[in-house]
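Note sheet for the following structure.
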Amino acid sequence: MVRCQAQHGGHGGRLVPPPRGLVREGTGRRHFARSGRGTSSNRRLGVQGGDPMSGPVRAGYLVQNRTTDPAYCPAPAVPVEIDPATEQVIDELFLRLQGACGAWRQSWPNQKIMDASKLEWLAEFMRSGITSMDQLRHGMRMVSASKSAFVPAPGVFVSWCFAPEGLGLPSVEVAYSQALRNSHPGMEGRGKWFHPAVYHATAAAGFLSLQTLPRELGVTRFEQKYLEQCRKIWHGEELPPVPVAQLAAPGKSITPEVGNQALADLRARRSGETQ
């Protein structure tokens, strides 16, 4: 059997055989040669359920043993019917992506690949819970703001659809700055929060962790928790309010003495833990 590989461009997408010398047929075994080296450079490969084999392992052997394994039970494919309205939404989205991303042909060089990509994008939308046109519009605004000529990956676009700005919430950077300020011990019971999502993201990330982690790690940790709260809001979930103990009391003012004393207490507790 001769291995074939798909090529695009000058061959019109047809299958062409590999170059001569790439595949050498032997008696009962196929050898793959590269850079003039023989099969002696092949590593010994182990196969589950058998002894190690010398030389390359044939794909057919692995497939045969895998499909005959009693424990092998692939999940059945569930067909999903795409209605005309959904199809039109995806078509219009891809037209906008072509207009916003000048290098879109790098991702979709021909119609066949574009059609397959549309199905993958739609599947990602269904998995992630994209349910409204507002989410897609906000995702497109983020595409334009990124100033990139290349089409984003489906997962990246989905994350932009759930971005906090689409909900009227502060950006990750602005929210992180407030979280870092309000998680300081001197701000306990004195902080003001933009939105419950910022507070709950800060609590999930850890008040002490945000104070001790390097900025890069702290931003990453907070962003993950913050976007989780944003997804809940996009899905219609109502977040609990900020606990009263975490709200700033009317008329209270923050002084340097209060902050310095809280910082001294924190250092004392940390030094006691290390002893």
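Per the UniProt record's numbering, the very first residue in the sequence shown carries number 1; after that it's consecutive.
Beta carbons are placed, not taken as given, at the ideal position from N, Cα and C, and that holds for glycine.
Here the structure is a predicted model, which is why all the values come from computation and not from measurement.
Residue environment analysis places V198 among the buried positions, since at least 16 neighbouring C-beta atoms fall within 10 angstroms of its C-beta. In the structure shown, S171 falls within a coil segment according to DSSP collapsed to helix, strand and coil.
A straight line joining the alpha-carbon of W160 with that of R141 spans about 9 Å. Of the candidates A179, R267, G191, P241, the residue whose Cα lies closest to the Cα of Y226 is A179. DSSP, read as helix, strand or coil, puts L239 in coil. With fewer than three CB-CB distances shorter than 8 Å, the stretch 169–179 does not count as touching the stretch 145–161. Sequence-distant Cβ neighbours of H138 in its own chain, meaning closer than 8 Å and more than five residues away, are W160, C161, A163, E165, G166. The criterion of a C-beta distance shorter than 8 Å is not satisfied by S209 and V151. Residues of the same chain with a CB within less than 6 Å of the CB of N182, apart from the 5 flanking positions on each side, are G191 in chain order. Leaving aside the five residues that flank L136 on each side, the residues in its chain whose CB is nearer than 8 Å to its CB run, in chain order, V89, L93, I130, C161. In the DSSP assignment, G102 falls outside any alpha helix (DSSP H), carrying neither H nor E. Between H195 and L217, the C-beta spacing is not below 8 Å. In the DSSP annotation of this structure, the continuous segment of the alpha helix (DSSP H) that includes S146 starts and ends at 133–146.
Following the DSSP letters along the chain, one finds A197 inside the alpha helix (DSSP H) bounded by residues 196–205.
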